[in-house]
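First comes the structure, then the notes that go with it.
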Amino acid sequence: MAGGVWGRARGAPVGALSLTALAEGIRASQEQSPGPPPTGPQPQPQELEAEAEVQAATPTPEAEQESGASALGVGSEPCSPHGTQEPAPEGPYQGSWDEGALADLALYTAACLEEAGFAGTQATALTLSSALEARGQRLDDQVHTLVRGLLAQVPSLAEGRPRRAAVRVLSALALEHAQDVVCALLPRSLPPDRAAADLWRSLSRNQRVNGQVLVQLLWALKRATGSELEALAATRALGEMLAVSGCVGATRGFYPHLLLALVTQLHQLARGARSPDSPKVWAPTHRGPPHSHASCAVEALKALLTGDGGRMVVTCMEQAGGWRRLVGAHTHLEGVLLLASAMVAHADHHLRGLFADLLPRLRSADVPQRLTAMAFFTGLLQSRPTAQLLREEAILERLRTWQQDPEPTVRWLGLLGLGHLALNRGKVRHGSTLLPALLGALGEGDARLVCAALGALRRLLLRPRAPVRLLSSELGSRLPPLLDDARDSVRASAMGLLGTLVRRGRGGLQVGLRGPLRKLVLRSLVPLLLRLHDPSRDAAESSEWTLARCDQALRWGLLEEVVTVAHYDSPEALNRVCHRLVQRHPSHVHHFLSQAQGYLRSPQDPLRRAATVLTGFLVHHASPSRVTQDLLDSLLQDLGQLKNDPLPTVAAAAHVTAQQVVLLARAQGRPQGHLLLRLARWRRAQPARQPPVYDDSPFQRRSLADRWGCPGPRGT
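Sequential numbering from 991 applies to the sequence shown in my numbering.
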C-alpha cells in the first residue's frame, strides 16, 4: 500500500481513498524511513477508521463549542520562529524527504476529500495528527511544512471540487492551529502569490475559522513594528480576507482595535521612509490591492468599513480627499479627523468601542500611535453620546493639558477638541473656560493653531445663547490685524468669523446699537472691500460673504454692488458703494482714508491698484470738513510715488486719484469777512468736482455667471 500511495506521480489523481488506507500508507512510509522509535501505544487502522466515522457522523459538542469560541481568546502569543525562518519551496520536488512526503500527503488528503464535508475534514485532521504523533512528532511542528506543501500543489489543482477539498484541509488545520497556519502563509504574501491570495480568501469564507485567522493577522501586524516587509505581508493578507463579503462579521469584539491598527500603520508609513526592498508592483495577472504599502492599508481599511455597512464613510472620505490625506506625511492627522467625522455621521454604532480603545493609547510612548489616537479622540468629541462617556471636566482638563504641550500639533488637536465641545449644548457652562484658551491661541505663530481657534470661535457662536457682545468686545482689537495676515488661511478664517459674528448680532445692529460689534464692523469695512481683490480665492470669497452679512445687518442696500465689485471689478459699482458709506458714516471717512492709505504700499499689485481706486472715490464723495490737511498731504505724497509704479494701470489710477485729492484740498479754503455772505458766494464760485474715471482693471476675476449660464452686468 505504501508503494501505491507514495510511489505515484505528484499531482496525479488518486481517487477517493479511504481514511484507513491513508493511515496505512502513512504508517508504511514511516516504517521504511529512519526515525526515532514510536513511543506509547499505536492506533490500529480499524481504530482510526472507526474514530473517523464517528467524527464524520456526529461532531462533538466540545468541537462545536471550541469552533464558536470568541476570537479574542485565541492567538495572544507570537508566531513560532520557525514559521518565518524556513524559505518556501518553489516547486514540488524541493526540500527534504519529509517535506516532500508531507507535500504529497497534503495533495492526497485533498483528493480523498473531494466528496467530504466539514465533518470529514475534521476526521482527516485527526487522522493526520494521530499518524504524526505515532512517529513521535506533534502536528504543531509540521503545520508549516503542510501549508507549504499545499501552496506548492494548489496551482496544479483544477478549479472546482479538488481545490475546494484542499481548502477544507487548510481550514481544518487553521481551526486547531490558526497561529501556525498564519505564520506559514505570511511569507508567501511577498512577493504577491496567487495561490496564497486564494488561500487567504478561502479562509475568510469559512465562518468557523475566519475570526481566529483575523486575530492572528492583527497580532502579526502589531508585532511587525519596525519591519515593513512583515507589516506589508499582514496588510495584504488582511485586505484579501476583508474583501470577502461577510467576513467583517468575524471581527466582532476587536473591530475598533483592527481599525485603529490600520490607521496607525498609515501614520507610521507617512512618518518613516519606505524600505527599498518593499515590493511596489503586483504580478500582472493578479487583480488585487494596489501597489504601495500605504495603498494596501487604505484598501484594507475601505474593505473593513464597507463590509460593516460603512459605505457612506468611504464615500465621504473620497469626496473630501480623506484617503489622500491619510497617506500624506503632513496631512495624515487631517485624514484621521475626516475619518472620525465621517464615522460620527454614518457609523455611530462603533463609536463607543473606538472611544474606549482610544483612552489607553492617548498615553502611549509610540508617537504615531499617540497622535493618531489624539486625532481620533478629538474627532469623536463631535458625537454628543460618545463625549458623554467621560465627565465633561475630565475632557476639558485633558484638552487644556494638550494646549500646554510644546508640540504645536498637540496644541492644534486640543484647540480642535475645544471647538467640538463648543457645539455641545451641555458644555455651555464651560464658556468661561473655552474663551480664554481660544482667544489666547489667536496670537500663535502656527497658522493651523490660529485657524483652529478661529473655527472654534465660530462654532461657539453657532450654539444657542452665544456670547455675541462679549466676543465682539474681545475681538475688537484681535480680529482686525488677522484680516490682513500674511497667511491666506488665517485671512479667510478671520473674515468668516467676522461674518458669523455679524449674522448672530444682526438684531442689535439693525436697531442702531452703538456697541462693540458696530465699531468692529466699521473698522473692518475697508479691509473687506479691498480683500475682494485678494489673490487668495478663499479669502476673496470669504470677504464677499462677510460683506453680504454686513449689508444685510446694517441695511445698506449694496448687495448687488458688492457682488459686482467682487466678480467684475466694476469702478461704477465701487463708486456707488463709497457714496453710500460716506453718506451713512460721515464721521468715519477720515478713518476709511487712513486705512486705504496703508494699502497703497502693498506689495501685491491687485491690492495696490484697488486701494488707489477706492481712495479716489472716497475722496470724491468726502466733505472737505471731514478730512484734515495733513492726511491730504500724506495721500498726495504716496500717490506721487505710485505715479512711477512699474505697473502702468497702477500709475494711471494714481494720477486720477491725485487729481481728486488736489480738488478736495482746494475746496477746503475758508472765505473771509462776513461768514454767511462769503460762504454763499464761495459755494457759487466753486465748480462741482467731477467724479474720477478709471480704466478697466487687468486683475478682473472670472465671474461664475458663465458657469450658471447667466449674462453678466451690462457695461462690463
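Yeah, the Cβ is synthetic: ideal placement off N, Cα and C, and Gly gets one too.
Sub-8 Å separation of residue i and residue j beta-carbons
i: R1453; j: L1413; result: yes
i: L1379; j: R1353; result: no
i: V1516; j: A1586; result: yes
i: A1657; j: P1688; result: no
i: A1164; j: L1193; result: yes
i: R1138; j: A1174; result: yes
i: V1555; j: A1543; result: no
i: A1287; j: T1368; result: no
i: V1511; j: V1492; result: yes
i: A1240; j: L1204; result: yes
i: R1448; j: L1487; result: yes
i: Y1684; j: V1646; result: yes
i: A1290; j: G1229; result: yes
i: L1140; j: A1156; result: yes
i: A971; j: V1144; result: This structure gives no information on residue 971, because the portion of the chain shown stretches from 991 to 1706.
i: V1317; j: L1256; result: yes
i: L1232; j: L1189; result: no
i: L1300; j: H1336; result: Checking the sequence shown, residue 1300 turns out to be Gly, not Leu. Against a cut-off of 8 Å, the Cβ pair of H1336 and G1300 comes out as a contact.
Residue i - containing alpha helix (DSSP H), residue span
i: L1654; result: P1638 to A1657
i: H1283; result: H1283 to G1297
i: K1212; result: N1200 to R1213
i: P1152; result: R1151 to L1175
i: K1633; result: Segment: none, K1633 is in no alpha helix (DSSP H) and carries neither H nor E.
i: T1618; result: Where T1618 is concerned, there is no enclosing alpha helix (DSSP H), given that its DSSP letter is neither H nor E.
i: E1550; result: L1549 to Y1558
i: D1541; result: R1527 to L1544
i: Q1258; result: Y1245 to R1261
i: D1188; result: R1184 to R1195
i: R1242; result: Counting along the chain, R1242 falls outside any alpha helix (DSSP H), and DSSP gives it neither H nor E.
i: H1134; result: V1133 to Q1143
i: A1361; result: Looking at the sequence itself, residue 1361 is Leu, so the reference to Ala does not match. Segment V1357 to L1370, the alpha helix (DSSP H) holding L1361.
i: D1338; result: Element bounds for D1338: n/a, residue is neither H nor E.
i: R1374; result: R1374 to A1377
Backbone secondary structure at residue i - three-state DSSP
i: D1474; result: coil
i: Y1684; result: coil
i: A1233; result: coil
i: E1434; result: coil
i: P1596; result: helix
i: E1397; result: coil
i: F1689; result: coil
i: T1321; result: coil
i: L1515; result: helix
i: H1575; result: coil
i: Q1309; result: helix
i: D1623; result: helix
i: A1612; result: coil
i: P1181; result: coil
i: A1456; result: coil
i: D1524; result: coil
i: E1679; result: One detail in the question is off: residue 1679 reads as Arg in this sequence, not Glu. Coil, per DSSP.
i: R1390; result: helix
i: L1405; result: helix
i: G1497; result: helix
i: G1445; result: helix
Buried or exposed (CB count within 10 angstroms, at least 16 for buried), residue i
i: G1404; result: buried
i: R938; result: Look at the range of the chain in this structure, 991 to 1706, and you will see that residue 938 is not part of it.
i: D1686; result: exposed
i: E1056; result: Low confidence applies to E1056: its pLDDT is 38, below 50, so where it sits in the model is not reliable, and the reading given next is rough at best. With fewer than 16 other Cβ atoms within 10 Å, it is exposed.
i: D1559; result: buried
i: G1236; result: exposed
i: L1432; result: buried
i: P1398; result: exposed
i: K1292; result: buried
i: D1623; result: exposed
i: P1350; result: exposed
i: Q1680; result: exposed
i: S1532; result: buried
i: H1320; result: exposed
i: N1634; result: exposed
i: P1358; result: buried
i: L1160; result: buried
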